[in-house]
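Enquirer: Chains as they are written, first to last, in our numbering: chain A, 13 to 297; chain B, 13 to 297.
The C-beta atom is built at its ideal place from N, Cα and C for all residues, glycine as well.
After the C-alpha cells below, expect a handful of questions from me.
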C-alpha cells in the first residue's frame with residue numbers, strides 16, 4: 013500500500029475523524045491536516061488525535077496535500093468542490109465519503125482541472141452518533157466501501173484509493189456512480205424511509221407493545237432526521253422508484269392474504285429466509 | 013400470587029418449555045405434566061427440567077390439573093380445544109400462548125362447558141429458535157403479555173392468569189381479542205412481511221452491500237417460514253389492511269420525493285424519531 017505524506021481532511025465529524033484515526037493507526041499518513049468551519053470541532057479532532065494540525069482556511073489546508081478527503085455532509089460538497097478546484101494542482105488525489113455518488117462525481121470531474129484525480133468513495137459505516145468525539149480508528153473494519161470509476165477516472169487513482177480502503181479494513185466494491193446510487197437506494201435509503209414509516213403507522217397505545225423484532229426493524233428510524241432528509245433529497249428519483257416497487261409488492265401480498273393463498277405466502281417467506289441467511293454469510297455477521 | 017398444584021402444558025416447545033421452567037423457578041407449580049405427540053420432545057422437556065412427568069395421552073394429562081396451558085402452534089389449537097373440551101371439569105382454568113386471539117378465544121368459549129374458565133394469553137416473547145432445548149426460565153422477563161377478556165370471561169380467572177404472567181416477569185396488557193389482533197397485525201405480523209419483502213427486493217449482487225441498518229431491519233426475515241405463514245393465515249384480514257395502509261404511505265412518500273418536498277420528508281423523519289425514541293423509553297431497552 014502506498015502511504016501519503018500529507019493528507020487534508022475537509023470536515024472532521026464522525027467519518028472524517030475516523031478516517032484520520034484509521035490512517036494514523038495503519039501508518040498511511042505522515043501528517044494530517046483537519047479543515048473545518050468551527051474552531052471547536054477542529055480542537056476536538058486534534059484532541060482525540062484524528063488530525064495533527066488544523067485550519068479554517070481551506071486553500072492553505074489542501075495546499076501540498078497528496079490526498080484530499082471531502083468528509084462533509086453531501087449537501088455542502090458542491091460548494092466545497094467549487095471552492096477547492098482553483099487551488100488544486102496536478103498530481104493531487106481527491107476522494108470523498110458522500111453517501112450518494114452520481115452528482116458529486118460529475119461535479120468534481122467537471123470542476124477539477126486535468127491531472128487532478130478524483131475518485132468517489134462511500135464507506136458504508138457510521139452510527140447514530142456524530143462529531144469527532146464519536147470517531148473510531150476501527151470504524152471501517154469489516155464494512156463495505158464503494159469506490160467509483162467512470163470513463164475518465166484514472167485507473168491508477170482508483171487502485172490507490174481502493175488499496176487505502178482495503179488497508180483500513182473495508183471490503184472494496186468498484187462500481188459506476190449510477191450503479192452505486194441504484195444499489196444504495198435499495199439497500200439503505202428506501203429501507204430507512206420504510207423503518208420511519210413503520211413507526212409513524214403506530215398508534216400511541218401500541219408503543220408499549222413493540223417487541224424485539226420491531227425494535228430492531230425500526231432502529232434506524234432513530235437516526236438524525238436532517239442528515240437523512242439530505243441524503244434522500246440527493247437520491248430522490250431512485251428512492252421513489254424503490255418505494256413504489258415495494259408498495260406494489262406489499263399490495264400483492266395483501267391480495268394473497270385476502271384470498272388465503274398461504275402456500276404462496278410460505279414460498280415468499282421461505283425465499284426471503286434463504287436470501288437473508290445468505291446476506292449474513294456474505295457480510296460475516 | 014396463587015400458585016397451582018398441578019399444571020398441564022400441551023406442547024413442550026420453546027414457549028411451553030419456557031413456561032414450565034419459569035413456573036418452577038418462581039415456585040408457582042407443585043407439579044407439571046408435559047403433554048405432546050412425540051416421546052423425543054417430551055423426553056427433552058423432562059431432561060431440561062421443564063416438566064416433571066409426561067404423557068402422550070391428552071385426556072389423562074389434563075385430568076386433575078388446576079391450570080391447563082395450550083402451547084402448540086396456533087394451527088393445532090382448534091383440534092386440541094375440541095379434543096380436551098369433553099374431559100375438562102368445572103373449576104379448571106385454561107389458557108394458551110397463541111399469537112392470534114379472536115378465533116382461539118371464540119372456539120374455546122364455545123367448546124368449554126360452564127365452569128371451565130378460559131383466558132387467552134399471548135406472551136410476546138420468543139426467538140428464532142424452537143424446541144424444548146431452547147427453553148429459558150427468563151424468557152418472559154421484561155416482555156409484554158396480552159391477556160384477553162370478553163363479556164363472558166370470569167374476572168377472577170383473568171386476575172389469576174394476569175398475576176401468573178406478572179410473577180413470571182411480564183408486563184400484562186388486558187385487551188379484547190379483537191383489539192389484540194389489530195395491534196399485533198400492526199406491530200408484529202405486518203412488519204414481519206415487510207422485512208421479508210425488503211429482502212426479496214434485493215438483487216443477488218446487492219447482498220454483500222447490506223450494512224448493519226438493513227441487517228437489523230431484516231433480522232426477523234430469518235424466522236421459520238412455516239410458523240409465520242400459519243400466523244399470517246390466522247390474522248390475514250387485519251394484516252392485509254395494515255399492508256395496504258403502509259403501501260399507501262410509501263407511495264405518498266415517493267410523491268414527496270418526486271416533487272422534492274424535503275421539508276415534509278424531514279418532518280416525517282423527525283416525527284418517526286421522536287416516536288421511536290418513545291418506544292425505547294416504553295419498553296426499557
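Can at least three beta-carbon pairs, one atom from the region 239 to 259 of chain B and one from the region 189 to 204 of chain B, be found at a separation below 8 Å?
Expert: Because the criterion of three Cβ pairs below 8 Å is met, the region 239 to 259 of chain B and the region 189 to 204 of chain B touch.
Enquirer: Per the DSSP calculation, residue 131 of chain A is bridged to which residue(s)?
Expert: Partner(s): A/107.
Enquirer: So does the region 64 to 84 of chain B actually touch the region 96 to 111 of chain B, counting three or more Cβ pairs closer than 8 Å?
Expert: Judged by Cβ distances under 8 Å, the region 64 to 84 of chain B makes contact with the region 96 to 111 of chain B, as three or more pairs qualify.
Enquirer: Over the uninterrupted alpha helix (DSSP H) stretch that includes residue 180 of chain A, give me the two end residues.
Expert: It is not in any alpha helix (DSSP H) - residue 180 of chain A carries neither H nor E in the DSSP assignment.
Enquirer: List the endpoints of the continuous alpha helix (DSSP H) containing residue 114 of chain A.
Expert: Looking at the DSSP string, the run of the alpha helix (DSSP H) that includes residue 114 of chain A is 114 to 123.
Enquirer: Thinking residue 181 of chain B and residue 296 of chain B are a contact (beta carbons under 8 Å), I'd like their distance in whole angstroms, please.
Expert: In fact, because the Cβ distance is near 12 Å, the residues do not count as touching under 8 Å.
Enquirer: Using DSSP's beta-bridge definition, name the partner residues of residue 16 of chain A.
Expert: BP columns for residue 16 of chain A point to A/41.
Enquirer: Just tell me which of B/65, B/50, B/48 and B/130 has its CA closest to the CA of residue 42 of chain B.
Expert: Comparing Cα positions, the closest option is B/65.
Enquirer: Taking the DSSP output, what are the residues bridged to residue 229 of chain A?
Expert: In the DSSP output, where bridge partners are listed per residue, residue 229 of chain A has none listed.
Enquirer: Taking CB distances under 8 Å as the criterion, tell me whether residue 53 of chain A reaches chain B.
Expert: Chain B, which has no Cβ nearer than 8 Å to the Cβ of residue 53 of chain A, makes this no.
Enquirer: Count the other C-beta atoms from every protein chain shown that fall within 10 angstroms of the C-beta of residue 53 of chain B, then say buried if there are 16 or more, exposed otherwise.
Expert: Answer is buried; the Cβ neighbour count reaches 16.
Enquirer: Does DSSP put residue 73 of chain A in a helix, a strand or coil?
Expert: Looking at residue 73 of chain A - three-state DSSP - the assignment turns out to be helix.
Enquirer: Under 6 Å Cβ to Cβ from residue 268 of chain A, same chain only, skipping five residues before and after it: list those, please.
Expert: Here the set comprises 276 and 277.
Enquirer: Within 10 angstroms of its Cβ, does residue 98 of chain B collect 16 or more other Cβ (buried), or is it exposed?
Expert: It counts as exposed.
Enquirer: Could you confirm whether any beta carbon from chain A is found closer than 8 Å to the beta carbon of residue 261 of chain B?
Expert: Cβ-Cβ to chain A under 8 Å: yes for residue 261 of chain B.
Enquirer: Just reading off the beta strand (DSSP E) that residue 65 of chain A is part of, what are its end residues?
Expert: Element bounds for residue 65 of chain A: 65 to 67.
Enquirer: Using CA atoms only, rank isn't needed, just tell me which of B/218, B/270, B/291 and B/279 is closest to residue 291 of chain A.
Expert: The shortest C-alpha separation from residue 291 of chain A is found at B/218.
Enquirer: Decide yes or no for the touch test of the region 208 to 215 of chain B against the region 166 to 186 of chain B: beta carbon pairs closer than 8 Å, at least 3 of them.
Expert: With the cut-off at 8 Å, the region 208 to 215 of chain B and the region 166 to 186 of chain B do not touch.
Enquirer: Could you tell me whether the region 25 to 43 of chain A touches the region 143 to 151 of chain A, where touching means 3 or more Cβ pairs closer than 8 Å?
Expert: With the cut-off at 8 Å, the region 25 to 43 of chain A and the region 143 to 151 of chain A touch.
Enquirer: Which residues in chain B have a C-beta closer than 7 Å to the C-beta of residue 213 of chain A? List them in chain order.
Expert: Simply 198, 257, 258 and 261.
Enquirer: Counting only the same chain and skipping the five closest in sequence on each side, list residues whose C-beta sits under 7 Å from that of residue 233 of chain B.
Expert: Excluding sequence neighbours, residue 233 of chain B sits near 207, 208 and 211.
Enquirer: How would you write the range of the beta strand (DSSP E) that residue 79 of chain B sits in, first residue to last?
Expert: It spans 79 to 82 - the beta strand (DSSP E) in which residue 79 of chain B sits, taken as one unbroken run.
Enquirer: Given a threshold of 16 other Cβ atoms within 10 Å of its Cβ, counted over all protein chains shown, does residue 272 of chain B qualify as buried or as exposed?
Expert: By the neighbour-count rule (16 or more Cβ atoms within 10 Å), residue 272 of chain B is not buried but exposed.
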